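Residue numbers (the UniProt record's numbering): 1 to 313.
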């Protein structure tokens, strides 16, 4: 990894803040971007908040699939809140300064929510697998206790891993150069600012990415391979269409989130990859939470009916 040459004294200087460059390369679009991302943030909160609310209140949606969907929508609100408010403030003030501690906290929450989303998407794929491939035992296998444990495990299991990874990264010495070419404190751009050898940290990033991104993605592919095989064996075209419709929304979210995440974290990092990193980050931090309520509300009759009843009340 290439670093600017610094004197030993400068290398030992303790940084008190970083500067998030964000979208500073297009200064004439700062206010346009602020308005765009502000509207997107409101849509994400309202859309996912509505899905979370109706899955808790509507008696017709008290099934494992909607239990997972409600938790996923809540997670999406948390995930986007870890990045977008800070980005909006930086676009408003056009300063981008963030303290060392605030940067560490933001990184910890971003990678923690991201890891939880990987596991929760895997749990949702398993739910669809049991419902379609083993429907007679569905209510027995996916009982309320099992569903609660799966969701709790998705949230809790990533916490010690990501806190440890954040502590390890921010224990590194940082040079006087403190400009982060990103719109939030992500792992790759932070590691580029570290002095000394970051090989161990990079290996830990790859290990965490394999455990929390690649392996869950592989399990989802296996689940849907068996699901598609079962669907194709159904004699009724109506049953096949209904089954595919149930899974297509989840598959779209999986493709966008995992596709951008795997490319961002598992591809080799270069000095000229900042623009690509930011573009990919927009997909897994903003596009996925934005699409989630749209595809589930527009394609799901049960959700539409529950929304109508809520609005009527």
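Glycine residues also receive a C-beta, built at the ideal position from the N, C-alpha and C atoms. Small disclaimer: the values here were computed from a predicted structure and weren't measured.
Relative to the C-alpha of residue 186, which residue among 78, 53, 277 is closest? Here residue 186 refers to the residue found at position 186 when the chain shown is read from its first residue. Among 78, 53, 277, the Cα nearest to that of residue 186 is on 277.
Which of the three DSSP states is assigned to residue 17 in this structure? Locating residue 17 in the chain shown gives position 17, counting from the first residue. Three-state DSSP puts residue 17 in a strand.
Residues sharing a beta bridge with residue 194, DSSP: Here residue 194 corresponds to residue number 194 of the chain shown, with the count starting at 1. Answer by DSSP bridge pairing, in chain order: 174.
Excluding the 5 residues preceding and the 5 following residue 66 in the sequence, name in chain order all residues of the same chain whose CB lies nearer than 7 Å to its CB. Taking the first residue of the chain shown as position 1, residue 66 is located at position 66. For residue 66, where only same-chain residues beyond five positions count, the Cβ hits under 7 Å are 55.
Between which two residues does the alpha helix (DSSP H) carrying residue 240 extend? As a position in the chain shown, residue 240 is number 240, starting the count at 1. Start and end: 237 to 266.
Helix, strand or coil for residue 229 per DSSP? Here residue 229 refers to the residue found at position 229 when the chain shown is read from its first residue. Looking at residue 229 - three-state DSSP - the assignment turns out to be helix.
With DSSP as the reference, label residue 99 as helix, strand or coil. The residue labelled residue 99 in the question sits at position 99 within the chain shown. Looking at residue 99 - three-state DSSP - the assignment turns out to be strand.
What do you reckon, are the CB atoms on residue 266 and residue 208 nearer than 8 Å? Here the question's residue 266 lines up with position 266 in the chain shown. Here the question's residue 208 lines up with position 208 in the chain shown. No, the Cβ-Cβ distance between residue 266 and residue 208 is not below 8 Å.
How would you write the range of the alpha helix (DSSP H) that residue 148 sits in, first residue to last? Translated into positions along the chain shown, residue 148 becomes position 148. Element bounds for residue 148: 144 to 156.
First through last residue of the alpha helix (DSSP H) which encompasses residue 134: For the purposes of this step, residue 134 is taken as residue 134 along the chain shown, with counting starting at 1. Looking at the DSSP string, residue 134 is not in any alpha helix (DSSP H), and its letter there is neither H nor E.
On a CA-only basis, which of 280, 42, 34 is nearest residue 87? Give me that one, please. Stepping through the chain shown from its first residue, residue 87 is reached at position 87. The option with the nearest alpha carbon to residue 87 is 34.
Can you name, in chain order, every residue of its own chain whose Cβ lies under 7 Å from the Cβ of residue 287, other than the five neighbours on each side? Along the chain shown, read from residue 1 onward, the residue named residue 287 stands at position 287. These residues qualify, in order along the chain: 256.
Would you kindly report the start and end of the unbroken alpha helix (DSSP H) that includes residue 79? Within the chain shown, residue 79 is the residue found at index 79, counting from 1. Per DSSP, residue 79 belongs to the alpha helix (DSSP H) from 64 to 81.
Residues sharing a beta bridge with residue 180, DSSP: Taking the first residue of the chain shown as position 1, residue 180 is located at position 180. Bridge partners of residue 180: 20.
Using a 10 Å radius around the Cβ and a threshold of 16 neighbouring Cβ atoms, would you call residue 94 buried or exposed? Taking the first residue of the chain shown as 1, we reach residue 94 at position 94. Exposed, by the Cβ-count rule.
Are at least three pairs of beta-carbons, each pair with one atom in the region 120 to 135 and one in the region 223 to 234, less than 8 Å apart? yes
Candidates 128, 42, 85, of which the one nearest residue 225 by Cα: Mapped onto the chain shown, residue 225 falls at position 225. The shortest C-alpha separation from residue 225 is found at 128.
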